[in-house]
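Chains as they are written, first to last, in the numbering used here: chain A, 1 to 170; chain B, 1 to 176.
Note sheet for the following structure.
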Amino acid sequence: MKSPPYPLIELDLSAPLDRHRATVLPEWIDWNGHMNVGFYVVAFDKATDTLCEQFGCSWDYTRLEIGMTFVLEAHVTYEQEVKQGDPLRITTQILDHDAKRLHYMHAMYHATEGYLAATNELMLMNIDYPSRRSAPWPGFAMERIEKLAAAHAGLPRPQQAGRLIGIRRK
Amino acid sequence: MLESLPYELPELVTRAPLDTHRSTVLPEWVDWNGHMNLAFYVTAFDQASGAFMRNVGLGRRYVDGKLGMTFVLETHVTYDREMRGGAPMRFTTQLLERDAKKVHLYHEMFHAEQGYLAATNEVIVMNIDYASRRSAPWPAPVAERLEVLWQAHKDLPRPAKAGRVMGLRRKQADAD
């Protein structure tokens with residue numbers, strides 16, 4: 001598909017992508033008095049929507065039954081607690097891509113105190129709407145993914161990318 | 001280190017892997033793609049971690065009694081197959097490693113009726129002192145139970161999906 005039946009937003013080639021803002025909602029807090037592990041991923045998933053808007057594969061893409069994006073794998077590092085009402089800033093760096101997939105990393109910061117709260121590495125796959133099976137990115141999306149990837153290519157690889165989980169013995 | 005806990009601990013389940021946790025995909029966990037959103041797999045797995053922690057004596061009373069908490073440091077999920085709203089889930093949990101303050105757990109989520117593997121989750125959970133909100137050694141009775149569980153779990157085969165590093169593996173893709 002060369003162009004989608006809806007307008008695309010202006011491409012933002014700042015690296016990393018630094019558009020997503022959010023606030024920690026009361027219902028995201030657990031009995032430990034901080035944002036629960038699952039809701040970090042809710043917050044990160046909304047940053048994925050912000051990323052997908054860049055290449056036209058967000059809500060309109062699914063609403064018009066063209067396609068969907070499914071996450072295949074996710075890795076979260078929890079670096080520092082955030083509490084109810086805290087403002088969040090989430091940046092996104094593209095690490096790799098191929099004909100069907102996108103490998104990227106979000107970093108969540110406390111927007112006013114500046115500290116890193118968490119990171120989320122993800123593998124996203126394009127899905128054909130009717131068959132619910134993997135499919136190549138549509139032409140309009142691939143063109144933009146390549147521009148974004150080129151803009152991000154010079155960034156240093158995040159320290160938390162490619163992590164293996166384990167308890168490191170001394 | 002806490003030498004004891006001021007409540008009675010549940011009977012220890014030593015079956016390996018642990019297979020006591022069951023749950024259901026809630027309607028509010030379903031997203032615009034018509035399946036359980038990735039975040040709520042993490043929530044569902046966190047409840048399976050809760051079942052493991054209750055088995056060693058660290059449930060709600062541990063937090064409500066202001067003794068301690070458990071925090072997740074890191075989590076890795078593989079999404080193997082979709083789950084729809086209302087789907088029944090069955091979990092298994094394997095203890096992969098433990099030390100004085102942490103456990104490394106591996107969960108598998110299955111569709112409880114159709115039997116297929118829906119997702120896997122590797123997670124590191126750390127014990128936290130309530131007052132300081134800093135890491136602390138497991139309470140003594142918990143450390144004792146973890147050793148009993150370790151003996152039961154240590155000879156289980158290492159799961160194939162444990163210890164994954166994310167990447168596109170171009171060579172394999174090119175060969176396809």
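Beta carbons are placed, not taken as given, at the ideal position from N, Cα and C, and that holds for glycine.
Annotation: the continuous alpha helix (DSSP H) that includes B:Gln47 extends over 38–55.
Here the alpha carbons of A:Thr77 and A:Thr119 stand approximately 5 Å from one another.
Among the residues facing chain B, A:Ile165 is included, as its CB has a counterpart in that chain under 7 Å away. Take the alpha-carbon of B:Pro17 and the one of B:Thr93: they are about 5 Å apart. As for any alpha helix (DSSP H) of minimum length 4 sitting wholly inside the region 103–133 of chain B, there is none. Chain-ordered, the chain B residues with CB closer than 9 Å to the CB of A:Trp59 read Trp32. Taking CB atoms only, B:Val56 has no neighbour in chain A less than 7 Å away. Using a CB distance below 8 Å, no part of the region 141–158 of chain A faces chain B. In the DSSP assignment, A:Gln159 falls outside any alpha helix (DSSP H) and carries neither an H nor an E.
A:Asp12 sits in coil when the DSSP states are folded into three classes, being neither helix nor strand. Residue pairing of A:Leu116 in beta bridges, as defined by DSSP: A:Tyr109. By the 16-neighbour rule on beta-carbons within 10 angstroms, A:Gln80 is exposed. Contact between A:Pro16 and A:His152 holds: their C-beta atoms lie close to 6 Å from each other, under 8 Å. Not a single C-beta of chain B is nearer than 7 Å to the C-beta of A:Met35. In this structure, B:His107 places its C-beta atom within 7 Å of the C-beta atom of B:Asn121.
The alpha-carbon of B:Ser135 is positioned some 22 Å away from that of B:Ala48. Taken in chain order, the members of the region 61–78 of chain A whose beta-carbon sits within less than 9 Å of a beta-carbon on chain B are Thr62, Arg63, Met68, Thr69, Phe70, Val71, Leu72, Glu73, Ala74, His75, Val76, Thr77, Tyr78. Listed as beta-bridge partners of A:Leu102 by DSSP are A:His97, A:Leu124. B:Glu97 carries a strand assignment under DSSP once its states are collapsed to helix, strand and coil. Around A:Ile127, the same chain offers Gly67, Met68, Thr69, Phe70, Arg133, Ser134, Ala135 as residues with beta carbons nearer than 8 Å, after the five sequence neighbours per side are excluded. Judged by DSSP secondary structure, A:Arg144 falls within the alpha helix (DSSP H) whose first and last residues are 139–152. Under the three-state reduction of DSSP output, B:Thr24 falls in the strand class.
Assigned with DSSP and collapsed to three states, B:Arg84 falls in coil, not helix or strand. Interface annotation for the region 9–37 of chain A against chain B: Trp31, Asn32, Asn36, Val37, criterion Cβ-Cβ distance under 8 Å. Around A:Arg101, the same chain offers Met123, Leu124, Met125 as residues with beta carbons nearer than 7 Å, after the five sequence neighbours per side are excluded. Take B:Leu146, set aside five residues on each side of it, and the residues of its chain with a beta-carbon closer than 8 Å to its own are Val56, Leu95, Arg98, Val103, Trp138, in chain order.
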